[in-house]
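Asks: This is the structure, below, for whatever I ask next.
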Amino acid sequence: AQSVSQHNHHVILSEAASLELGCNYSYGGTVNLFWYVQYPGQHLQLLLKYFSGDPLVKGIKGFEAEFIKSKFSFNLRKPSVQWSDTAEYFCAVKIASGSARQLTFGSGTQLTVLP
Amino acid sequence: GAGVSQSPRYKVAKRGQDVALRCDPISGHVSLFWYQQALGQGPEFLTYFQNEAQLDKSGLPSDRFFAERPEGSVSTLKIQRTQQEDSAVYLCASSLARTLAKNIQYFGAGTRLSVL
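First to last, the protein sequences are chains A and B. The first sequence maps to residues 106 to 220 in this note's numbering. The second sequence maps to residues 494 to 609 in this note's numbering.
Next comes the structure, spelled out in structure tokens:
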């Protein structure tokens, strides 16, 4: 069974600091990759996704992520965080072949941005 | 509707009670998923429907958990004889695509179940 690891459980940054959240997965085949964000009191929302092509993907609110196949990684980045980015961030993986449709999530990273 | 709707938002049950959680997916979405999210963890897959067919229930933790989607739209997750370890947020997600490609899941706000 595949697994997803998010190395940082809680990250605290000041506004304007740069952000990188790590995500690694264990599956050796072709995957689709996602980052979801959950703002306080809200539902999970898609931040960005990778299906194929350019491994550097851009999402909403200035976020981007880079798929590095050789490292089984899909790290999330943002050059300058804002207070409003305070949220929990989840990396998720879906096997891109076979009959499985579900997402496998990491345990999440809580980001706190200090004003 | 505009998004995935789940009800109730909160449910408190006494140990041993049966509960039913409802999910109303985005109109026209073929696929529907249930996930369980324990405190401090990411969502974990429970079961998946394509229209009314339950194609995968490998994530259901025990035979006390049962899900249905009889008309291919609204789905109900039922938990019989609830136990304290069932306390979690239950998330529903739906997606439009029948094919593997471009399969983006949209999530509801979840039902927080507390079993006392």
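Ideal Cβ positions, reconstructed from N, Cα and C, are used throughout, including at glycine.
State the DSSP-derived secondary structure class of residue 163 of chain A, mapped to helix, strand or coil.
Replies: strand
Asks: Nearest chain B C-beta to residue 138 of chain A closer than 8 Å, yes or no?
Replies: no
Asks: Using the Cα positions of residue 501 of chain B and residue 172 of chain A, report the straight-line distance between them to the nearest angstrom.
Replies: 38 Å
Asks: Are residue 119 of chain A and residue 219 of chain A touching if we call contact CB-CB under 8 Å?
Replies: yes
Asks: Given a threshold of 16 other Cβ atoms within 10 Å of its Cβ, counted over all protein chains shown, does residue 505 of chain B qualify as buried or as exposed?
Replies: exposed
Asks: Could you tell me whether the stretch 506 to 519 of chain B touches the stretch 574 to 585 of chain B, using the rule of 3 or more Cβ pairs below 8 Å?
Replies: With three or more CB-CB distances shorter than 8 Å, the stretch 506 to 519 of chain B counts as touching the stretch 574 to 585 of chain B.
Asks: Pop quiz: residue 228 of chain A and residue 199 of chain A are said to be a contact at Cβ under 8 Å. What is the actual Cβ separation, rounded to whole angstroms?
Replies: Lying before the first or after the last residue shown, residue 228 of chain A is absent from chain A, which here runs from 106 to 220.
Asks: Name the chain B residues whose beta carbon is nearer than 7 Å to that of residue 108 of chain A?
Replies: Those do not exist, as residue 108 of chain A stays about 11 Å from chain B at its closest Cβ, beyond 7 Å.
Asks: Return no unless some Cβ of chain A is closer than 8 Å to the Cβ of residue 546 of chain B.
Replies: no
Asks: Let me see if you follow: with CB-CB separation under 8 Å, is residue 185 of chain A close to chain B or not?
Replies: no
Asks: If contact means a Cβ-Cβ distance below 7 Å, which residues of the stretch 496 to 528 of chain B contact chain A?
Replies: 524, 526
Asks: Cα separation between residue 549 of chain B and residue 122 of chain A?
Replies: 43 Å
Asks: Are any of the Cβ atoms in chain A nearer than 8 Å to that of residue 603 of chain B?
Replies: yes
Asks: Counting only Cβ pairs nearer than 9 Å, list the residues of chain A close to residue 541 of chain B.
Replies: Taking a Cβ-Cβ threshold of 9 Å, the residues of chain A close to residue 541 of chain B are 205, 206, 207, in chain order.
Asks: What is the residue span of the beta strand (DSSP E) that residue 124 of chain A lies within?
Replies: 124 to 126
Asks: Does the distance from the CB of residue 555 of chain B to the CB of residue 518 of chain B come in under 8 Å?
Replies: no
Asks: Does DSSP put residue 545 of chain B in a helix, in a strand, or in coil?
Replies: coil
Asks: So residue 597 of chain B contacts chain A; which residues on that side make the cut at Cβ distance below 7 Å?
Replies: 151, 154
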